[in-house]
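The structure appears right after this line, and notes come after that.
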Amino acid sequence: MFTEESSQQITPLAEQPGEPPAPSPGETIQPTPPKLEWWAAWIDVVKAFGLWILSVVLLVFVPIIVAVPYIIYIWTKFGPPPPETLGADKTLLFLSIVAVFPTHLLTLLAIWLFVTRRGREPFWKTVKFEWPENVGPVIGTLTSLLVAIVLLILAWLITQFWGGNKTQLDLLIESSLPARFATAFVAVVTAPLVEELIYRGVLYSALEKATGMIMAIILVSLLFAGVHVIQYFNNLSVIAAITLLSFTLTITRAVTGKLLPCFIIHFVFNGIQAIALVVGPFVDKGGTG
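Taken in order, the sequence shown gives residues 5 to 293; the numbers are from this note's numbering.
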């Protein structure tokens with residue numbers, strides 16, 4: 005005879021949690037990353053801006069330090085030089101450009117210390133200086149090259165149709181042939197790498213976590229363009245071209261999630277202009293001869 009108790013099921017009830025499935029051989033369970041508190045993200049922003057301020061301070065004071073021995077020499081030999089004389093001194097102008105190179109090296113050292121936490125973290129991996137996973141180096145390089153050329157054409161069209169006065173950088177470059185070569189050297193060898201590491205590497209990464217992608221793009225792009233306004237303040241067309249470059253580089257960083265495409269675009273953009281700087285005087289002489 006069947007009783008009521010014998011008909012009861014001994015399987016767990018639906019609301020009772022069962023045991024989690026055991027991982028299959030070779031399968032690893034990824035730990036859940038800790039949630040980043042909002043204040044921690046903003047602390048990273050403050051640190052990133054501190055590094056940026058340091059880079060600006062170095063850019064201002066290192067050229068002064070480099071120029072001091074030459075100014076002392078002029079002072080002792082010819083007496084106190086008037087400001088207008090110093091402003092037109094070709095040697096002093098050349099030294100101000102050459103000083104950018106050690107400035108960039110010091111900035112690069114500061115970036116390395118910041119990113120690696122004084123050697124405890126990998127540098128290139130941390131700043132995402134690599135190609136996106138779905139883009140190989142050949143396709144990535146060709147695409148970046150194409151973007152840089154398009155940007156150069158657009159920048160040329162803007163400056164041609166908008167016009168404008170010669171900028172401070174133009175006057176500096178035209179002061180002497182050594183100044184022209186030094187400008188081309190810095191524009192290719194150190195400027196693209198250091199600027200991309202600061203703006204699209206450190207600053208963008210921190211701002212994206214704290215403010216989101218759109219706001220990070222706007223802030224970093226305007227900050228990069230704003231720093232260059234000092235060099236081009238009397239030429240709105242050049243400022244517009246630099247702003248276009250800045251937004252393109254930052255959007256590239258946001259879309260790809262990597263820094264290497266930005267560097268290649270920046271390097272090619274500066275490199276082609278550097279070639280024009282070096283070749284320009286010889287082409288002009290050939291044309292007038």
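For glycine and all other residues, C-beta sits at the position ideal for the given N, C-alpha and C.
Sixteen is the threshold: when 16 or more other Cβ atoms of the shown chains lie within 10 Å of the Cβ of V49, as they do, the residue is buried. A residue is called buried once 16 or more other Cβ atoms fall within 10 Å of its Cβ, and P196 is buried on that count.
Residue nearest to F105 within the set G261, E199, R121 is E199 (criterion: CA-CA distance). Rounded to whole angstroms, the Cβ separation of L156 and F228 is 17 Å, and the two are not in contact under 8 Å. Cβ-Cβ separation between A245 and A159: approximately 4 Å, consistent with a contact (criterion under 8 Å).
When C-beta atoms of the stretch 182-194 are compared with those of the stretch 43-58, fewer than three pairs fall below 8 Å, so the two segments do not count as touching.
Taking every protein chain shown into account, the CB of K81 has fewer than 16 other CB atoms within 10 angstroms, so this residue is exposed. The Cβ-Cβ distance between K262 and K132 falls below 8 Å.
Going by beta carbons, A258 and I221 fall inside the 8 Å limit. When only Cα atoms are considered, I68 and V139 end up about 44 Å apart. Here DSSP, grouped into helix, strand and coil, assigns V139 to coil.
Under the DSSP assignment, I246 falls in the alpha helix (DSSP H) whose first and last residues are 240-260. By the neighbour-count definition (other C-beta atoms within 10 Å, threshold 16), P265 is a buried residue. N169 carries a coil assignment under DSSP once its states are collapsed to helix, strand and coil. In this structure, the straight-line span from the alpha carbon of M219 to that of R204 is close to 13 Å. Contact between T254 and S225 holds, since their C-beta atoms are separated by about 5 Å, short of 8 Å. Residue burial annotation: I162 is buried, with at least 16 other C-beta atoms found within 10 angstroms of its C-beta.
In the three-state scheme derived from DSSP, where H, G and I count as helix and E and B as strand, T194 is classed as coil. Comparing alpha carbon positions, the residue from L110, G91, I115 closest to S179 is G91. DSSP places K213 in the uninterrupted alpha helix (DSSP H) bounded by 208-215. Counted as a single uninterrupted DSSP element, the stretch harbouring A103 is not any alpha helix (DSSP H), since DSSP gives it neither H nor E. Cα atoms of W79 and F271: separation of roughly 40 Å, rounded to the nearest angstrom. Taking every protein chain shown into account, the CB of Y77 has fewer than 16 other CB atoms within 10 angstroms, so this residue is exposed.
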